[in-house]
Structures are given as C-alpha cells and as structure tokens.
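Chains as they are written, first to last, in our numbering: chain A, 1 to 296; chain B, 1001 to 1276; chain C, 2001 to 2363.
Taking it in order: structure first as structure tokens, then the write-up.
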Amino acid sequence: MVDALVKDYGKRRHPKRALDSVSLRVPAGSAFGLIGPNGAGKTTLLKTLLGVVAPSAGAVQVLGGSPADLGVRKRIGYLPERLQLPTAWTALGFLHSVARLKHASRADAEQQLQRVGLGNEGHARIATFSKGMRQRLGLGAALIGAPDLLVLDEPTDGIDPKGRADVRSILAQERARGATLFLNSHLLSETERICDQVGILVSGRLLRSGATLELCGNPSSWRVRFEAGTDTKQLQRLGFAPTSVAQVFVCTDCDVAELNARLAKARGQGALVSELVPEMRDLEAVLLELMGPADA
Amino acid sequence: MPSALHIAADLLREAVHRKWMLGLLLAITLAGVLLGWTLQMEVVDGVLASTRLFGLDVGHDLRATDMALRPVFSGTAWFMYVTGLLFGVLACSDFAPEFLAAGRIEHLLALPLRRAELIVGIYLGVLALSVASALYGGVVFTVLFGLKSGIWSWCIVAGALAGCLAFSAVYAAMLASAVFVRSAALSSAIGVALLFAGSVIARPELAALFNAGAPRRWFTAVVSFVPRFWLLGRLGAVAGGFEPLDADLLRTAAGTLIFAGACVMLAIWEFERRDY
Amino acid sequence: MKRGYLWLLLACGLLGVAAWLMPSNDPAGKQGKESAAAVSFPDHPAAADQAKMQQRRTLPPQAGQSAPTAPGAVAALPAKRDPLLVALPPDRELMVFELSSFFKQPLGQMFSACMRSDAFWHGFESKGLDLGEVDRVAVGNLWSSERLVVVSGNALHADPTQMYRLKEPTAYGVGGQVFAPVEPLPSDAWTPPYVALWNKTTVLFSTSLRAVHEALDRLDGRTPAEPAFPQDEAYSQAYGVVTARSLAEAVSSLGLSEQLRRADLTAHFHIAVSDDAAIVLDAQGSSADAREVAKALAAMLAAKRVQAASAHDKRASKLLDLYSVMPQPHGFQLKVAVPLSFLQDVLAGCAHSDKGAAGATRP
C-alpha cells in the first residue's frame, strides 16, 4: 500500500519531483504491472517499496509492514533492472550467498538455479554468462526463500522468446503459490499477458490503476466468427455487421446480455459460432491516450 | 551481526579472484622462496659469523645472532608495515565502490540486511583480508629467518599486524569517502593523503615549523585526530623486545582504532541517509 | 526509514576521543619525554672534542715539517702539536686519561679513589699537585723500566720537593726543571725518583732520568718528534694504544688470555664513560690472529650476554646487546658497552693492589 507518496531528488530549493502524490493498493496474490514512459518514476516507486529509496513524504506499507523491517524484506524477492553480478563468482556461489543473507537453505538456492534453467551452469563463472543467463540468475536469486512479494524490474529484459515463456511460466507458478507479483516492464504486451492489475505512471503521477480489463475498457463490441454456410443476410438482420474477413462479423454497441441474446437467435437459425473475441484497446493504446500527443 | 560476517565472507571470496591479491600472495611466496635459497647464515657459538645473500657477503661484523638480526627483523617489520599499508590502499580501494555499484547495491539493500551491517561487513572483510595477508607474509619471513638463524622473533609478524592496525584507520577513511563519492580513485587518494598526514604532517617536527602560539595551536588541533602512523610502525620493534612499550605507542594504537571506528560511523551515517 | 543523526554524533564523539588519545604533536609538549639516549660509542670525535684537540695544540710544528697534501692541492700549514702527546715516548703502548672529565663520572670517582689509595698518587696529591688541577694523565713505556708518566694541566702548582725527597731542581732546556732524588731509592720501589716540570703545564715522572731528559728534549724541540698518538684521535675520556699482551692482562678473567697473548696485535682504544663505559677498540696486526681473536671475542661477549640475561641482570644484558666485532682486512674493530658493575669489579682489585702506580693506571 502506498499512500500520497512523494519523492523529490536534488537540491532542497529546486528539487526534481520523481513521484508526486502516488497512492496505490495492490491486492495480495495479484500480479500488478507498472507501466509508463521512460523517466516516469517507475523504478523509483519500486525502490521505495523496497526501502532502497526513502520517500520525501507519504507512507509505504508492504506485506503489512514497513520495508525497513527486516522481517518484511525477508519475504520480498527483488530483481533490479540492471543487476550487477559479481562476475568472478560462480552462479551457485552467488545464489548461496543470497540464500545465506535471506536465511534460506542452500538446497533452495540450488532448486531455484534448476528452475531458471541454469542447472548445468552452477559451477560456471558468471563472467562467462550471456545477458539473458544473468537475468535468469537474478530471477533465481529473487525466487530464493519463497517470497510473498516478487518485485521484478524488467524481468524479461535481454531474454530470448523461449526464455520469456519460461519466465512467464515461473511467474504463473509463483502466483499459483500465492505470491504477489509487482512487475515493471516496458514490454506492454508482456505486462498485459502476466498482470491482472496495472498502474500507469506518467511524470511521477499515477494516472490510472486497477484491473487490466477495466483499464482497457469493458467490451461493447465483439468480433464473432461463424462457421461457413451460415446465412450472412440473416446475421446482418440480427445486428452482426460483416467485416473484410469472410465469416467474421462484428457486434457493436452490444453488452454481454445483448450479445448473448443475438447469438441465441443466430444459433436458433442454425448458425454455428467458432470464435468470439471482445474488441478492446491494448495497454499501449491506453498509455498513449493517457500520455497525450505531446508526451507520446 | 552475522549478516555483516556474511558480507565480509563474500568480500573475501571476491578478493580471492583479484589479480592484485593473487599477485601479493605470489610475491610474498616468491620472496620467501628466493630468500630461502639465496640467504646463507653461519652461526658459530651463538655468533652470526657470516651472512651471504646471492653469494655476496653482507654484514661483516661479528655479533650475537639475535643482535645481528635485530636490524634485519626491524627492517623487515618496517618493510612489511609500509608496503602492506601502501599495497592495501591500492588493492582495496575498489572493494567498497564495487559493492556500492548501481545494480548491486539495490539488490543488497533489498535483502534482509541492515545498511550498517553492509558497511561493517565490507570493512571487516577488508580487515580480514589485510590480517590474512599480513600473517602470511609475516609468518613466511619469520619462519625463513628462524630456520636460517635459529632465532625466532615474531616482530615481523607484529610489524605486519601493526600495518593492519594502521590500515584499519586508513581503510575506514577510504570506505567513508567511497560512501560519499563512489570512486575507487578518490578512495585511494584519501588513503594516500591520510597516510601522508599520519606519517609526515602530524609529526612534532612539522608543528615546530609553525610559530608558537595561535598558528601552532590551530595546526596541532587540526591534525590532533590523525593517527600517528610513524609511531605505530614501532610496534614490530616493541614486539621483538628491541624497543620499550611506551604510553605514546599505546595511546596511538587506541586512538587509531577509535579513529577507524569514527570513520566507519561516518560512513554508516551517510549510507543510511542515501538513496540508491 | 530512520535516518537520525545518531551515527554522525557517535562519529564526532569518537573523533574527539581519538584526538584526545593521540600523543600530542606539539613540540613544546615533547620536552623531557624523550627516552634515555642509547650508549654512544666513541668511534669519532664530537665537535667539542675537535675544538679541545685544537686548543691543546700549543707546540709549534716540528722544524722542517710540512703537512702531507694531495697532489695538486695547495700546501697546508704544518700542524701544531699537543705537548702531552709529544712528551710521550714513541712506544707500542700508551694510555691517556682525561681526568678532568673522567673524574666527574661515577666510574671516574671510583678511579680517583683508587688512585688516591696508592702511595705514589697519594703523595702526588697531598704534597703539592692537586688532582683537581690535572687535565690529563698519560703513561708511556708501559712495560719498560723507563716508564714515563706525564701529567698536564693549565696551571699546575706542583712542588716536587714537597712531594718526594728531591734535590733542588736543575734547569734543563728552555722551560724544564728536573728534580732528582736525594738518595737512591730501594730498587723494588715503583715511585719514580725523577720528576720534571715543564712550563708549569706539564709534570713528568719516571724511573729513568734519561726518559725525562728525552721527553724534555722533545718538548723543547731539540729532538725532532711527532706526537706518540695520532692527534686527531685524542678524544674520549680514555684512549691509547695497547698490545694484545696488555689486553690479555686486563681481561684475564674472561678466558681469552691465551688467544690474546699469542696474537700479534696492537689496538687503539677509546673509552667513553658515563654511567657505563662504551669502548671502541681498533686492533691491527696479523690477519690470521685478528680473525681468531675477533671470533673468540664475539663468542665470549655472546656468552657473557647470555650469562647476564640468565642472571636477570637486565642492564648488563641490554649493554652487552650493543657489542659488535667488525673484522677488517688486517684486524677488527670491537665495540662494546661495559656495565658499571663490571668495571667496578675490575677496579676493585686496584684499590687493594700493592703494585703501585702500575696498578693504578691500568684500566
């Protein structure tokens, strides 16, 4: 929970405001994605949650306590944006060190190494790792100790598509375990796919936050694909407008009840529905809309 | 604070891979082996009859072996003291800046670890490193001279450990500077400057250059807390029984440790209030 | 996050404590704190010694003598001479004692008492010559029957006729007066029957009239004579030349006598006395002998040092720490600091000796 959070950097007389009255509440067990343009203050907000940065004003509560509380920090897993790893160490050595500091077992560290796909690289020097491997290792470090909150800053940065899928899978597992995810990613599609809650931060102000679906708007327009052989004129009479794609129609200005009523009529006339997709804005469109033409 | 010890252990693990450190260990070992091969001492009836180094006669006078070796022991202890300090300043200057590097410090600070523990951990790690190096060098040379001459004096080890004591103050100042400005170069410069101040500027001879009265009082006040490194270097000779242990030396040793503590606390203060 | 100033306060407090603990670097506060100076070996003359040596050179240079100069250098003026060193006969052995400074030291006072217990010196003092007026006492021809004792001072009020049973003086040379005994002395008496005064600054004693005359001849310049001991080395409280044989006599208790007696060595020595004595001895002679003696001396001193340590005699042990024997091409240099207690033991014998002045003048 973040309440009226303000963070100023720089000189006392002419401070640069990085966060301006940010208030936010992330439900436990949810996957929250923080999006916004570069320099919006996303990383500052993340660091404030972790106690790495002290707020100039406002209150921060994480997992029911203060981030300064070591008991709270023990329950947090963090992956920084540009994790600097001790290159002379081995991957396993690094995870063992993190496990010691988190009061977790060595076995846990080894398990997380397997989990992020570096099981065979445990004794390799970190200096020999690619960027993606280092990112995986950082994620493995964040996962140590089964944290209740995972704060991930650009977790898929530098990771190949297969790796991204692996990361998504791991994050899904963590959510299933009951962990809360707090994600900062400039890959909006990634955020859209992983997160059910989104916050949009622009110029230090949290312009929107809430369920992803809500942010993208409740669908009042649906795209329906019917099986071939359906009477198109009949469908048009029922309010399904044809599109440029054969057998694909759009139902506009119809809420869920209206949609179901029309579909029931169509099915009653022998039509078969093969695909139904709500027509929504994606996060990018929402972000661009919020930023306005100048910021965009 | 076990977390501080974990950080110290991590620093040591990192140091093991440093070329500087490996170079130091190699240099000490090579010097030991070289001396072992080339130094020949002939002891007759407790008198050092001849000393040969690389086949050349060194030290012609006939003296009791322990007395003849006193300058050697004292000199080696001083050498260990001075070179240990200089090497420490150069080799350890980037430990703190590396721990405080962007991308690493956030990660460390997000762990269940107090900020003070991190600073103390870095400090203890570097101290442990300096003590280990000093002990290694000191023991190598002590054993070497002991085997060659039959005289076992721990003053070389004591001299090296005196270097650690002095370095504890120097590194504390370097650590504080690294917290204020994350720069290995500046950290080294601060270390060298403090060494210079403690070896030259804080000497009574320099104070004597100021006019008696207010100028001298101001000067002595300004340098009053600077550790007197030139005095600490005598610890080796004191341990060897060549010089008496006097109050000035004890006060300097205690003052140096307290100065180190003050610098570490200054570092913690700045670290606690800093955003990363 | 609590970011109080507690750490800063602690840091400032500790800096204050550190400043209080550190020894003052104010030079004014350091006065009197210096530790006692280490034993200073008389291996070179101090500036004050140089001045004193110059001051004592009152005799004109020997006629026809010129100071040796390097090729091409401007010829230097011939050096003036020290009368006491000129009066001494050219011999392998001689000893000079700087009584004026030596008597001020504890050891000197013991030495003085030792001298006064002797019949010759007792008479010497009580009958006219105050030991307090004496600057130096030198002994030449140490082991010969023509032993010569030379006493120098600034203005000696000696009256030999009061001192011993002597005839009225006869003039000899320019500034000399010679006193002979009234009647022949018993042959075993050491007391020198012949006394001479020279310019109220020098008194000569000898068992041989010839030795006295020769000394006066040297002083008056009738016989060409160089100083018997290098003038530039006439510093410290006792100095001179001894042979290995004399050394063997002096340190007979140390177990070195045989080696020393066998060695063909001559040694220049300098002794500086404070509470203890610092001795520098430059021995020259046969290389083989010197090497053997050097080794034996070093081993003996090492053993003495161990004995002192095991007897918990810290002072002796500390002083003996300082010894060194430096072999040289045809000899060696010995430096040794001797504790007062050792010298007291050596001098203890002289007080009870019946050997007369020989015992008294031997260190």
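For glycine and all other residues, C-beta sits at the position ideal for the given N, C-alpha and C.
Proximity of the stretch 1003-1021 of chain B to the stretch 243-262 of chain A falls short of the contact definition, fewer than three beta-carbon pairs being nearer than 8 Å. The Cβ atoms of G1088/B and G1032/B lie no closer than 9 Å to each other. Look at the beta carbons and you see the stretch 94-101 of chain A not touching the stretch 165-175 of chain A: under three pairs across the two are nearer than 8 Å. Excluding sequence positions up to five before and after G1159/B, its CB lies within less than 6 Å of the CB of A1077, M1080, Y1081 and G1236, all in the same chain and listed in chain order.
Contact residues of the stretch 53-69 of chain A toward chain B are V53 and A54 (C-beta to C-beta distance below 8 Å). Closest in C-alpha terms to Q2237/C, from the list S2101/C, S2324/C and P2089/C, comes S2101/C. A241/A has V250/A as its beta-bridge partners, per DSSP. In the three-state DSSP reduction, I144/A falls in the coil class, being neither helix nor strand. With a contact defined as Cβ atoms closer than 8 Å, L1195/B and L1085/B qualify at about 6 Å. Residue pairing by DSSP puts Q2333/C in a beta bridge opposite D2282/C and M2326/C.
Closer than 9 Å to the CB of F2041/C there is not a single CB belonging to chain B. When 8 Å is used as the limit between beta carbons, S1003/B is near these residues of chain A: L101, in chain order.
Contact annotation: K2335/C and V1044/B have beta-carbon atoms that are not nearer than 9 Å.
As a beta-bridge residue in DSSP terms, N184/A pairs with L34/A and D153/A. In its chain, beyond the 5 residues on either side, F249 and C251 have a beta carbon closer than 6 Å to the beta carbon of F240/A. Residue burial annotation: Q112/A is buried, with at least 16 other C-beta atoms found within 10 angstroms of its C-beta. Residues of chain A with a Cβ closer than 8 Å to the Cβ of P1112/B are, in chain order, L70, G71, R73, K74, L101, K102 and H103. Measuring C-alpha to C-alpha distances from L45/A to each of E275/A, R134/A, R25/A and H103/A identifies R25/A as the nearest. One thing to note: D153/A has its Cβ within 9 Å of the Cβ of N184/A.
Against chain B, the CB of L95/A has no partner CB under 9 Å away; the residue lies outside that interface.
CA-CA distance, A1247/B to R1216/B, rounds to 24 Å. For the pair G2176/C and L2148/C, the CB atoms are not nearer than the 9 Å cut-off. Ranked by Cα distance from H123/A, the first of T90/A, G117/A, N38/A and L287/A is T90/A.
F2332/C and A1214/B have their C-alpha atoms spaced approximately 55 Å apart.
Between P278/A and the set C216/A, H186/A, S21/A and M291/A, the nearest pair of CA atoms involves C216/A. Distances from the alpha-carbon of A2277/C to those of A2337/C, E2168/C, H2213/C and A2046/C put A2337/C closest.
For A2250/C, no chain B residue has a Cβ inside 8 Å of its Cβ, as the nearest lies near 20 Å away. The beta carbon of A1172/B sits closer than 7 Å to those of Y1123, A1260, C1263 and V1264, all from its chain and outside the five residues before and after it, given in chain order. If you draw a straight line from the Cα of R115/A to the Cα of V198/A, it comes to about 27 Å. If you ignore the 5 residues before and after T1220/B, its C-beta comes within less than 6 Å of the C-beta of A1207, all in its own chain and listed in chain order. Judged by DSSP in its simplified three-state form, H14/A adopts coil rather than helix or strand.
Here D20/A has V6, G204 and R205 as same chain residues with Cβ atoms under 7 Å from its own Cβ, once five neighbours each way along the sequence are excluded.
For M1080/B, the enclosing alpha helix (DSSP H) begins and ends at T1065 to A1091. Contact note: A165/A does not reach chain B at a C-beta cutoff of 7 Å; the least C-beta distance is about 25 Å. Residue-level contact by beta carbon holds for W2020/C and chain B, with a gap shorter than 9 Å. When 7 Å is used as the limit between beta carbons, R2305/C is near these residues of chain B: A1064, in chain order.
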